[in-house]
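Accompanying notes for the structure given below.
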């Protein structure tokens, strides 16, 4: 009901133009570099990792109500998760140094993570609904454990929210 996922693959010099309307977006650079123009803000040559398996990402927060363009500086792939928002903030870049990383789980449910945008732990990076991260699961391991769901608010056992995954294999 709230979340959507978009994906851009642009060749060098190609431009994508859109309006965020009533949605907030987090443009996560999966590989390559792009220049972003969001309302009056300009972010030059954001990105740099060749692919998702090569370090932490650069990301750009695009607020609701913003006209924006994304121009590829070379071949670029960008994930565009979005959610409804009424938050009135300026766009911003999340650099790799701002992305927390670590390990969740153990044994055959151990996985590594990049926390890109997390509402609770990053008040300097405002968002209304989006929580975005990357998880790297070793071959043969469970990606989430124990099995769980998010269908009702029953804290601390369960929190209601939508969850979406985009998978890449190496």
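Residue numbers (the numbering used here): 954 to 1123.
Cβ coordinates follow ideal geometry from the N, Cα and C atoms, glycine included.
Three-state secondary structure assigned by DSSP to residue i
i	result
residue 1051	helix
residue 1060	helix
residue 1098	coil
residue 1037	strand
residue 1107	strand
residue 1072	coil
residue 1113	coil
Other residues of its chain near residue i: CB distance less than 7 Å, five sequence neighbours each side excluded
i	result
residue 1112	1103, 1106
residue 981	1010, 1012, 1031, 1032, 1069, 1085
residue 1028	964, 965, 985
Of the residues the options, the one placed nearest residue i, counting alpha carbons only
i	options	result
residue 1116	1100, 1071, 1084	1084
residue 976	987, 1023, 958	958
residue 1114	984, 962, 1016, 1036	1036
residue 961	983, 1059, 974, 954	983
Own chain partners of residue i with C-beta closer than 6 Å, once the 5 adjacent residues on each side are dropped
i	result
residue 1009	1049, 1052, 1067
residue 1087	1067
Buried/exposed call for residue i, threshold 16 Cβ in 10 Å
i	result
residue 1100	exposed
residue 1093	exposed
residue 1045	buried
Contacts around residue i, its chain only, beta-carbon distance under 8 Å, and the 5 residues preceding and following it disregarded
i	result
residue 1040	977, 1016, 1017, 1079, 1080, 1081
#### Entry: Contact the region 999 to 1008 vs the region 963 to 978: 3+ CB pairs below 8 Å
no
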